[in-house]
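Below is one structure, written out as structure tokens; the observations come after it.
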Amino acid sequence: MTRTSSRRWLPVAVLALVAGTLLAGTAGARTDVKTATPGPLAGLIKQSKKESGLVFYANAPASNLKVVTDRFKYYHPWIQTTAYDLDNNVIFSKYASEAAQGTRTADLLISSAPNLWVYATRKRYMVNYDPLQLSAFPKFAKQYPGVFIISPDPAIIMYNKLLLRDKVPQSLTQMANDPGTYGKLTGYTVDNLFGYTGIWGYVQKKGWANFEKIGKSRFTAQTGVAGQRSLVSQGAAMAAYLTSPTVRLGIETDPDLSRILGWTYNKDATPLIPRGMGVTAKAASPASAKLFLNWLFTKAGQQAMCDAGFTAFRNNFTPKNCSNTLADVYKKVGQRNVILVPFSQKFVNDYPRFKSRWHGIFG
């Protein structure tokens with residue numbers, strides 16, 4: 010906003026003197042002084058103003074992603090954003106179909122399914138473009154050309170504070186061994202790719218024993234985090250294990266939820282579910298998409314991710330008034346108890362075996 014100067018009382022003679030001095034300085038100035046060099050994103054900014062806004066296909070809850078996109082629009086007000094909350098499989102199949110038909114499709118894909126990122130890379134769905142500040146992050150941030158982890162999401166425990174009172178569950182091991190307190194539990198089915206990723210990561214550290222102790226009689230599987238939250242908040246389950254950390258936003262911002270629900274890290278073993286993102290090869294707004302990717306890897310972008318209930322993980326950066334960070338996971342759980350699930354062929358190949366064993370336990 011332009012502000013009117015408060016110094017209108019300045020005498021005319023003084024104004025004339027100042028003006029004359031400025032003119033004299035201009036006349037005597039060197040003519041070989043170079044103009045300011047445009048910033049490295051100047052070209053993208055210019056191009057983005059001719060584009061039609063950003064479309065996201067994402068597995069992130071709409072309320073969480075909106076916190077991030079609203080913050081992005083604060084810095085880039087000319088870029089409109091539209092996000093669709095889709096299942097992981099739909100994200101990639103919908104993009105593939107629309108790209109083949111030449112119709113408007115997503116500019117950015119966001120998914121927590123490592124196996125589908127392996128497939129997408131093989132099919133060259135993403136453009137090979139690196140954000141400028143990528144070097145400020147752990148090396149695992151870049152998984153493939155054009156495919157980046159934007160949030161290493163810890164699989165957490167959500168629990169009913171009213172029913173458990175002063176008890177805070179510490180681990181899946183504790184809950185499995187205490188059926189008197191944790192008689193009913195919920196969590197993801199292995200048929201959900203976030204669920205499979207968390208289960209796969211946990212089993213690499215602790216094996217299947219705790220799942221077998223819980224068994225079918227104590228467990229109600231859900232396909233999404235909303236169903237788990239509903240069961241726990243209504244008291245149909247005491248806790249949800251290996252659930253999505255996106256529940257943190259609602260617990261922290263909704264007084265009704267925060268009165269009932271709490272969350273904590275799973276301290277015997279915490280899988281990090283890699284939420285990946287990339288700019289699509291058929292993006293209608295490629296410059297806008299690259300600006301978003303660049304911004305997400307800045308400190309401002311990391312603050313937004315933390316505030317939204319995702320996981321900030323920029324090296325040597327501490328968000329203000331927010332502890333949803335990878336550093337906090339390492340501090341509370343111990344780095345040796347944390348495993349990042351990789352984008353790997355082994356993870357892909359293990360799925361049929363894991364799915365069969367999980368259903369053998371839980372039906």
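In my numbering, each number is its position in the sequence shown, counted from 1, plus 9.
All C-beta atoms in this analysis are idealised placements derived from N, C-alpha and C, irrespective of residue type, glycine included.
Everything numeric in this text was worked out from a predicted model, so none of it was measured.
Closest by C-alpha distance to residue i, when choosing among the options
i: residue 232; options: 223, 256, 202 and 213; result: 202
i: residue 3; options: 148, 308 and 166; result: The structure shown does not extend to residue 3, since the chain spans only 10 to 372, so no value can be given for it.
i: residue 66; options: 287, 48 and 320; result: 287
i: residue 166; options: 361, 98 and 272; result: 272
i: residue 70; options: 238, 357 and 340; result: 238
i: residue 352; options: 108, 127, 83 and 115; result: 127
i: residue 242; options: 49, 336, 281 and 194; result: 194
i: residue 53; options: 77, 87, 78 and 80; result: 87
i: residue 305; options: 296, 81 and 365; result: 81
i: residue 6; options: 308, 51 and 89; result: Beyond the ends of the chain as shown, which are 10 and 372, falls residue 6; an answer cannot be given.
i: residue 143; options: 308, 368, 57 and 51; result: 308
i: residue 359; options: 123, 324, 106 and 226; result: 123
i: residue 136; options: 361, 323 and 292; result: 292
i: residue 146; options: 369, 108 and 323; result: 323
i: residue 132; options: 189, 91, 101 and 114; result: 101
i: residue 92; options: 182, 78 and 228; result: 78
i: residue 368; options: 125, 115, 51 and 204; result: 204
i: residue 186; options: 176, 221 and 175; result: 221
i: residue 189; options: 109, 227 and 210; result: 227
Reduced DSSP category for residue i - H, G, I as helix; E, B as strand; rest coil
i: residue 316; result: helix
i: residue 262; result: helix
i: residue 238; result: helix
i: residue 230; result: strand
i: residue 280; result: strand
i: residue 249; result: strand
i: residue 285; result: strand
i: residue 7; result: The structure shown does not extend to residue 7, since the chain is modelled only from 10 through 372, so no value can be given for it.
i: residue 367; result: helix
i: residue 270; result: strand
i: residue 67; result: strand
Cβ-Cβ distance between residue i and residue j below 8 Å
i: residue 252; j: residue 347; result: no
i: residue 162; j: residue 345; result: no
i: residue 215; j: residue 277; result: yes
i: residue 234; j: residue 206; result: no
i: residue 74; j: residue 301; result: no
i: residue 258; j: residue 318; result: yes
i: residue 134; j: residue 290; result: yes
i: residue 363; j: residue 208; result: yes
i: residue 49; j: residue 141; result: yes
i: residue 153; j: residue 130; result: yes
i: residue 230; j: residue 198; result: yes
Same chain, Cβ closer than 8 Å to residue i, neighbours up to 5 away in sequence not counted
i: residue 328; result: 311, 312, 315, 316, 321 and 334
i: residue 274; result: 163, 165, 166, 338, 341 and 342
i: residue 138; result: 155, 288, 299 and 302
i: residue 94; result: 67, 68, 69, 70, 71 and 74
i: residue 366; result: 217
i: residue 125; result: 97, 98, 100, 101 and 202
i: residue 182; result: 215, 219 and 277
Cut-off 6 Å between Cβ atoms - residues of its own chain near residue i, not counting five sequence neighbours on either side
i: residue 68; result: 97, 120 and 121
i: residue 184; result: 178 and 191
i: residue 249; result: 167, 195, 196, 237 and 241
i: residue 267; result: 260
i: residue 297; result: 57, 60, 63 and 88
i: residue 212; result: none
i: residue 331; result: 315 and 316
i: residue 432; result: Only positions 10 to 372 of the chain appear in the structure, and residue 432 is not among them; the question remains open.
i: residue 361; result: none
i: residue 372; result: 225
i: residue 107; result: 114
7 Å Cβ shell around residue i - same chain, five flanking residues per side excluded
i: residue 349; result: 149, 161, 281 and 283
i: residue 171; result: 269
i: residue 244; result: 169 and 172
Scan the stretch 137-165 and note each continuous alpha helix (DSSP H) run of 4 residues or more that stays entirely inside, going in chain order.
Entirely contained in the stretch 137-165, not one alpha helix (DSSP H) run reaches 4 residues.
Which full runs of the alpha helix (DSSP H) of 4+ residues lie inside the stretch 171-205, going along the chain?
Given a length threshold of 4 residues, each whole run of the alpha helix (DSSP H) inside the stretch 171-205 is given here in chain order: 181-185.
What are the start and end residues of each continuous alpha helix (DSSP H) run of 4 or more residues lying completely inside the stretch 79-138, in chain order?
97-110 and 123-131
In chain order, which continuous runs of the alpha helix (DSSP H) of length 4 or greater are located wholly inside the stretch 299-346?
308-316 and 335-342
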